[in-house]
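Residue numbers (this note's numbering), protein chains in the order written: chain A, 14 to 572; chain B, 14 to 572.
A quick write-up on the structure given underneath.
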């Protein structure tokens with residue numbers, strides 16, 4: 014059954030991901046009986062999903078509406094905006110739209126997934142309006158921490174939406190045009206019905222600062238440095254990579270780029286017109302040939318990812334690059350919440366070897382890609398939206414953003430949650446329904462719900478361990494062999510005395526059952542579980558999961 | 014074999030815990046053939062030890078020397094200084110020394126562990142020297158974020174050690190005396206051979222700030238607040254609890270204290286002369302009877318601990334206290350690294366209900382208990398140590414502290430690691446040996462190494478899942494029944510088709526073996542493991558652990 018009546022004249026906004034979390038952005042808009050999707054991102058797994066690589070938005074709602082889905086607009090190339098495409102595109106299967114650099118990154122992903130020839134991907138020009146379903150869409154270039162960040166204007170008879178995407182204001186972004194404030198003012202003059210915008214840095218009362226300032230500081234700092242200099246940053250920050258090239262030039266150092274994602278970004282950037290002024294790069298194999306004070310290495314791993322270049326170098330298990338006392342590692346990056354411990358360990362590994370570590374806490378060598386309140390204020394002044402819907406944030410960010418919009422005189426605000434169906438109209442914002450949403454986990458090669466039983470079992474096992482009991486019964490329910498147990502993850506799990514104790518507990522428990530009860534698998538499982546747990550709690554203070562495998566005489570055939 | 018020769022005239026320092034980590038402080042000093050221990054702390058477990066509550070220092074070295082261990086000096090009552098006592102005291106079994114409040118906290122722990130009548134615990138007076146083994150010991154009161162923080166002077170013929178403990182400078186600490194700078198200057202005049210000191214906040218170039226400033230700000234803030242006000246903080250911060258009482262008084266609110274550790278600190282404080290000016294406290298049961306703008310609640314959970322009062326209140330599953338829109342929660346605390354995600358979730362839960370959240374990022378409502386570089390400098394100027402050994406820090410903190418001591422003109426510095434045996438003498442610091450150290454985990458009721466196999470199995474299971482295979486063989490090695498499998502933590506683990514596939518893989522693998530090979534348990538285990546893993550990798554992209562339980566005809570007895 015279709016959700017959207019044909020020619021439905023309501024203008025709807027439905028966040029599927031990114032409202033209530035920072036990551037996996039996926040938003041839907043509907044008008045005149047058709048949907049468009051904006052962004053299709055993933056997020057990284059946390060301790061709730063051990064052994065899982067990626068978290069993806071559950072798109073089952075739009076899968077049921079896919080015949081009315083006109084297309085997917087990608088605002089920019091960060092993983093939290095494009096990362097889910099190769100995993101879930103087939104579920105809704107619409108055309109994709111992106112500017113050239115973003116499209117190049119998407120192509121790389123599709124290629125890896127064997128989908129390059131399957132997914133229709135259209136390259137769009139910024140500031141050139143085009144029709145998509147019921148909307149006239151226009152990509153508005155905005156500064157961000159990747160090349161080709163864009164807001165979107167979505168115009169329809171019901172009014173104009175300005176979907177900001179991820180953005181900031183930067184008078185000297187170094188890559189891309191400065192903010193087209195005249196366009197935004199003109200848009201405000203025409204009238205913006207609703208602004209749907211980035212809440213990430215709403216707790217910063219100031220402006221995010223300029224990439225040019227970072228460049229100036231990095232140049233100054235590296236010019237004063239002896240020995241080797243490594244700078245680690247987010248590979249997707251094209252401006253920062255160009256900055257690092259400028260730093261190399263200004264400090265008379267050769268430049269080397271290390272790490273797979275650096276290479277990928279370099280290739281994507283070159284293919285789309287960036288990195289024109291890059292010097293000849295030193296190959297990883299030849300870094301050792303360059304005098305220590307004549308090399309600048311840009312590398313991946315600014316979040317402490319264990320397999321990234323800088324972590325391997327810090328641990329001393331990188332094949333080609335070894336750092337020594339007096340060398341310098343600059344983290345031109347922020348610490349993403351949750352990575353504090355991993356990064357602390359990396360800083361310690363470097364410090365132990367007397368390598369100087371400089372982070373954004375020591376000097377202004379990183380700048381955020383998201384607007385502080387000073388920038389949000391400016392944007393509200395330009396566009397003068399009738400309504401504001403904060404997205405791209407956890408609950409507290411969205412609440413504060415809505416509150417701030419109120420302080421700035423915006424009449425209508427709503428704090429959305431994933432799945433909310435919000436009607437946008439001249440009379441304001443109305444929560445009219447909610448649709449199913451959720452998180453999916455890429456577990457091995459399978460996509461499962463984050464609430465999947467397998468994941469729950471793993472979490473439980475990681476805390477309490479697991480005992481598997483194998484019992485063999487005669488026809489009459491008598492034990493035909495000593496129970497065999499597999500103890501996993503228990504203290505004293507390798508002590509024979511403890512093993513024997515558990516076997517005795519199982520035998521004893523089964524012994525006390527009526528023989529008829531032993532004919533019931535459920536009853537046997539219960540007794541084994543209780544016996545093992547009771548003994549484990551008493552002996553080792555743990556309450557393990559217990560699984561019982563039952564084999565009966567009728568299943569056994571001896572020759 | 015004894016490590017220390019009788020009447021050995023070397024002055025030795027051996028950190029067993031706390032050098033290279035923030036937590037589980039345990040330090041040893043030796044002179045004249047005898048040892049003393051300073052502090053005996055624990056630390057909290059992390060993702061490397063899932064399901065573990067506490068991490069404890071491995072004291073096996075001093076266990077071998079316990080006949081020469083004169084006593085254990087506790088500098089103050091924080092868990093990272095006294096928390097391991099009830100778990101490991103019996104291993105070395107010496108007398109304990111502490112000032113009255115610290116002793117009261119230790120008594121509480123000993124009582125819970127049933128050790129109150131077993132452990133000799135001596136209450137010492139600050140600034141009154143006493144003999145312990147080869148040292149003349151004196152407790153020097155220093156400000157810290159708990160009542161009765163102390164540095165220790167340890168005097169022997171070889172010279173004077175000043176062991177700072179955890180400390181800061183505070184002109185208005187509100188609890189305890191201000192820093193006895195004259196004593197420290199006098200100590201410097203006499204000559205300090207070595208200062209062994211707190212490195213926690215060496216990356217703060219300034220001073221930590223005063224508790225009085227926090228009190229002033231909290232009073233001002235709460236006076237301007239409507240509705241309910243909750244303040245959450247570290248329960249052990251007696252001065253802060255007194256501050257909260259002062260805030261209640263100044264804002265005309267009744268005070269309630271919630272949470273078990275608040276009650277424990279209150280009792281310990283009252284028993285030792287603190288909390289004299291506390292107002293009559295409102296019982297948890299009667300909070301609901303007080304008008305919303307007439308109550309101030311102090312509660313536990315400032316690190317987002319899921320079972321603490323504030324987390325339960327925020328989730329709406331506290332029996333007696335419910336917050337509403339417009340209420341206020343103040344986090345008078347810092348975020349301990351690693352707790353960012355949990356605390357972020359707590360902030361979100363509160364924000365969703367339109368409860369105002371104020372943290373130390375918004376206002377100066379918390380002050381650290383550890384010295385910034387301005388305070389370290391002052392301490393060096395007072396005590397003028399010949400040598401400095403930084404402790405109480407991760408590698409990067411210790412490195413920076415040693416470097417800073419050098420900048421301040423201290424001649425001899427060394428960066429210790431747990432287990433280092435460092436000889437302290439007029440000619441400087443010398444690393445002369447290292448002894449076994451490590452971390453122990455309290456897993457259930459068992460104390461195991463953090464590298465215990467059970468823990469490794471749990472970590473592995475949490476990432477990859479586990480398959481247990483039960484096989485029954487005839488005398489000749491033929492399968493006598495269909496293999497039974499228990500699938501734990503696998504995607505598709507509940508799909509019959511997938512289960513059947515794995516059974517077939519096992520049967521197929523066993524089938525291909527020579528029947529003589531099937532008589533070897535090792536060979537059968539190998540084949541089962543390879544068969545299950547190969548199939549799992551192919552089907553679901555996971556590489557589970559595989560355990561095989563083998564039962565042979567000779568073990569089975571049918572009637």
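Ideal Cβ positions, reconstructed from N, Cα and C, are used throughout, including at glycine.
Predicted model, so just to flag it, every value in this text is computed and none were measured.
Would you tell me roughly how many angstroms separate the C-alpha atoms of residue i and residue j, rounded to the nearest one?
| i | j | result |
| --- | --- | --- |
| residue 167 of chain B | residue 381 of chain A | 50 Å |
| residue 197 of chain B | residue 418 of chain B | 17 Å |
| residue 478 of chain B | residue 548 of chain B | 14 Å |
| residue 105 of chain B | residue 47 of chain B | 14 Å |
| residue 365 of chain B | residue 388 of chain A | 24 Å |
| residue 465 of chain A | residue 550 of chain B | 19 Å |
| residue 108 of chain A | residue 347 of chain A | 34 Å |
| residue 23 of chain A | residue 39 of chain A | 20 Å |
| residue 213 of chain B | residue 358 of chain A | 15 Å |
| residue 189 of chain A | residue 114 of chain A | 12 Å |
| residue 413 of chain A | residue 216 of chain A | 8 Å |
| residue 310 of chain B | residue 247 of chain B | 14 Å |
| residue 555 of chain B | residue 206 of chain B | 58 Å |
| residue 395 of chain B | residue 218 of chain B | 19 Å |
| residue 297 of chain B | residue 266 of chain B | 15 Å |
| residue 532 of chain A | residue 494 of chain A | 16 Å |
Are the C-beta of residue i and some C-beta of chain B separated by less than 8 Å?
| i | result |
| --- | --- |
| residue 409 of chain A | yes |
| residue 245 of chain A | no |
| residue 63 of chain A | yes |
| residue 504 of chain A | yes |
| residue 186 of chain A | no |
| residue 357 of chain A | yes |
| residue 298 of chain A | no |
| residue 459 of chain A | yes |
Out of the options, which one is the CA nearest neighbour of residue i?
| i | options | result |
| --- | --- | --- |
| residue 439 of chain A | A:449, A:426, A:34 and A:431 | A:426 |
| residue 252 of chain B | B:526, B:287 and B:24 | B:287 |
| residue 519 of chain A | A:530, A:529 and A:543 | A:543 |
| residue 271 of chain A | A:260, A:323, A:236 and A:291 | A:323 |
| residue 541 of chain B | B:567, B:569 and B:497 | B:497 |
| residue 139 of chain B | B:133, B:122 and B:163 | B:163 |
| residue 482 of chain B | B:179, B:562 and B:494 | B:562 |
| residue 406 of chain A | A:394, A:429, A:100 and A:494 | A:429 |
| residue 408 of chain A | B:452, B:401, B:424 and B:356 | B:356 |
| residue 369 of chain B | B:451, B:343 and B:25 | B:343 |
| residue 329 of chain B | B:361, B:303, B:349 and B:302 | B:361 |
Using 8 Å as the limit for Cβ to Cβ distance, is residue i near chain A?
| i | result |
| --- | --- |
| residue 426 of chain B | no |
| residue 481 of chain B | yes |
| residue 158 of chain B | no |
| residue 466 of chain B | yes |
| residue 361 of chain B | yes |
| residue 420 of chain B | no |
| residue 568 of chain B | yes |
When DSSP builds the beta bridges, which residues end up paired with residue i?
| i | result |
| --- | --- |
| residue 441 of chain B | B:438 |
| residue 148 of chain A | A:145 |
| residue 391 of chain A | Residue 391 of chain A is not bridged to any residue. |
| residue 153 of chain A | A:164 |
| residue 283 of chain B | Beta-bridge pairing links residue 283 of chain B to no other residue. |
Applying a beta-carbon distance threshold of less than 7 Å, which residues of chain E neighbour residue i?
| i | result |
| --- | --- |
| residue 499 of chain A | Looking for chain E here will not work: the only protein chains present are A and B. |
Next on the checklist: Within 8 Å, do at least three Cβ pairs link the segment 141-155 of chain B to the segment 83-93 of chain B?
Outcome noted: yes
Item to check | the segment 439-451 of chain B in contact with the segment 49-65 of chain B per 3-pair CB rule at 8 Å | outcome: The segment 439-451 of chain B makes no contact with the segment 49-65 of chain B, as fewer than three CB pairs between them are under 8 Å.
Checklist entry - Do the segment 255-266 of chain B and the segment 193-207 of chain B make contact, defined as three or more Cβ pairs closer than 8 Å? => result no
Next on the checklist: Can you confirm whether the segment 50-59 of chain B touches the segment 92-104 of chain B when touching is taken to mean that 3 or more C-beta pairs between the two stretches lie within less than 8 Å?
Outcome noted: yes
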